[in-house]
Each structure stands twice: as C-alpha cells, then as structure tokens.
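Count the sequence shown with this note's numbering and you get residues 312 to 484, in order.
Structure, as structure tokens:
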Amino acid sequence: MRHPLSDFAILPEDPRWSAAFADGEAGLIAWCERAVDAAITGAEETDAPLELSVVLTDDASVQTLNRDYRHKDAPTNVLSFAAREMGLELPDDMPDDMPEPVGDVIIAYETTAREAVEGEKSLPDHLCHLIIHGVLHLLGYDHQDDADAEEMEALEADILAGLGIVNPYADED
Numbered sequence: 312m313r314h315p316l317s318d319f320a321i322l323p324e325d326p327r328w329s330a331a332f333a334d335g336e337a338g339l340i341a342w343c344e345r346a347v348d349a350a351i352t353g354a355e356e357t358d359a360p361l362e363l364s365v366v367l368t369d370d371a372s373v374q375t376l377n378r379d380y381r382h383k384d385a386p387t388n389v390l391s392f393a394a395r396e397m398g399l400e401l402p403d404d405m406p407d408d409m410p411e412p413v414g415d416v417i418i419a420y421e422t423t424a425r426e427a428v429e430g431e432k433s434l435p436d437h438l439c440h441l442i443i444h445g446v447l448h449l450l451g452y453d454h455q456d457d458a459d460a461e462e463m464e465a466l467e468a469d470i471l472a473g474l475g476i477v478n479p480y481a482d483e484d
C-alpha cells in the first residue's frame with residue numbers, strides 16, 4: 312500500500328536493474344515502491360505526503376556523485392541526498408496535501424550486485440534493504456555513532472521482516 316498521497320519516482324537508468332527482475336521494469340518498479348512505502352510506514356515519522364526519487368544507476372555515476380558531494384572518489388552501494396541537507400526551503404503557503412520533497416536515493420548496480428553475491432542474498436532483497444536504508448536517511452536517521460547505528464539497523468531489520476526479508480545484520484553479532 313502506497314503511503315497516502317505520496318509521490319515516488321523510481322528511475323531505472325541502468326538496464327541491468329530491470330533485467331534482474333522476472334517481470335522486467337514493471338516488476339522492478341513495483342518492488343522498489345513496496346520498499347519505499349515500507350520504509351516510510353515503518354519509520355512512523357510522518358503522516359504527511361512525501362515526494363522522493365530512487366535512481367537505479369551504475370557504479371560510475373555513483374562514484375561521480377560520491378566524489379563531488381562526499382569527497383570520496385570511489386563507488387558505494389547507496390547514496391542519499393536529503394532535501395533538508397541540500398538547503399531546500401518550502402514555501403510557507405504550500406498546500407497541506409502537496410507532498411513534501413524529502414530527497415533522492417541513488418543506488419549503484421555493480422556494487423549492489425557484488426554485495427548480494429558476497430552476502431548470499433538475492434539481488435531484489437539486497438536492493439530492498441538499500442532502498443529502506445536510503446529512505447531512512449532521508450527521514451533523518453543516521454549511523455554516525457553506535458547508538459544511532461543500532462537504532463537504525465534495528466528499524467531496518469523490523470521493516471525488512473515485515474516484507475519477509477531476513478535481517479541482513481543477523482550474522483554481524
């Protein structure tokens with residue numbers, strides 16, 4: 312179920328993402344929307360409508376963003392760009408039913424696919440985890456210290472369990 316009045320843009324820029332799903336792009340988009348909705352609902356941060364995008368791209372694109380915005384010249388699995396951290400200011404007279412832009416989640420195919428194989432996870436399940444992780448960052452969660460990391464990981468595990476996906480942190484204990 313989609314979070315009420317929210318607007319999610321799922322943008323598969325790299326065709327390998329769609330090819331990884333039996334139903335192609337339609338299956339990929341449905342899977343991603345399910346993950347976004349679960350993250351928003353599981354976080355219970357707001358009942359307000361939200362607007363966000365998930366960009367499914369490749370390592371080269373993510374490496375460029377990581378270099379330009381985080382000063383790390385290497386690809387990574389997921390990047391989140393929260394609107395509030397980018398200085399987006401909303402008008403005071405914005406209608407209550409207009410979705411609030413919260414940001415973008417960008418995911419790299421090669422890194423995600425490699426991690427899925429190394430972690431003995433399916434690519435769809437690992438993608439779901441990374442989307443949830445990224446959306447939680449957009450909603451203000453982080454893992455800068457141990458307490459925050461434990462809170463965020465526990466929430467991710469709960470949300471994933473609700474989707475029938477095994478806790479990715481279970482073997483780290």
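In this text, a Cβ means the ideal position worked out from N, Cα and C, and glycines have one as well.
Using a 10 Å radius around the Cβ and a threshold of 16 neighbouring Cβ atoms, would you call residue 444 buried or exposed? Within the sequence shown, numbered from 1, the residue matching residue 444 stands at position 133. Result: buried.
Have a look at residue 345 and residue 420 and give me their C-alpha separation to the nearest angstrom. Taking the sequence shown and counting its residues from 1, the one referred to as residue 345 is at position 34. Taking the sequence shown and counting its residues from 1, the one referred to as residue 420 is at position 109. Residue 345 and residue 420: Cα-Cα distance of roughly 19 Å.
Within the chosen definition, does the stretch 383–396 reach the stretch 334–342 through at least 3 CB pairs nearer than 8 Å? In short, these stretches do not touch, since the Cβ pair count stays below three.
Under 8 Å, with one C-beta from each stretch per pair, do the stretch 419–433 and the stretch 450–458 reach the 3-pair mark? Segment contact: the stretch 419–433 against the stretch 450–458, fewer than three CB-CB distances shorter than 8 Å; contact not assigned.
Is it true that the CB of residue 363 sits closer than 8 Å to the CB of residue 415? If you number the sequence shown from 1, residue 415 lands on position 104. If you number the sequence shown from 1, residue 363 lands on position 52. Between residue 415 and residue 363, the gap from beta carbon to beta carbon is short of 8 Å.
Do residue 476 and residue 440 count as a contact pair if the criterion is CB distance below 8 Å? Along the sequence shown, read from residue 1 onward, the residue named residue 440 stands at position 129. Along the sequence shown, read from residue 1 onward, the residue named residue 476 stands at position 165. Yes, the pair counts as a contact, with Cβ atoms nearer than the cut-off.
Quick one, are the C-beta atoms of residue 417 and residue 376 less than 8 Å apart? For the purposes of this step, residue 417 is taken as the residue at position 106 of the sequence shown. For the purposes of this step, residue 376 is taken as the residue at position 65 of the sequence shown. Yes, these two residues count as a Cβ contact at 8 Å.
Closer than 7 Å by C-beta to residue 410: which residues in its own chain qualify, once you throw out the five before and the five after it? Chain order, please. Along the sequence shown, one-based indexing puts residue 410 at 99. In its chain, beyond the 5 residues on either side, 316, 317, 318, 360, 361, 362 have a beta carbon closer than 7 Å to the beta carbon of residue 410.
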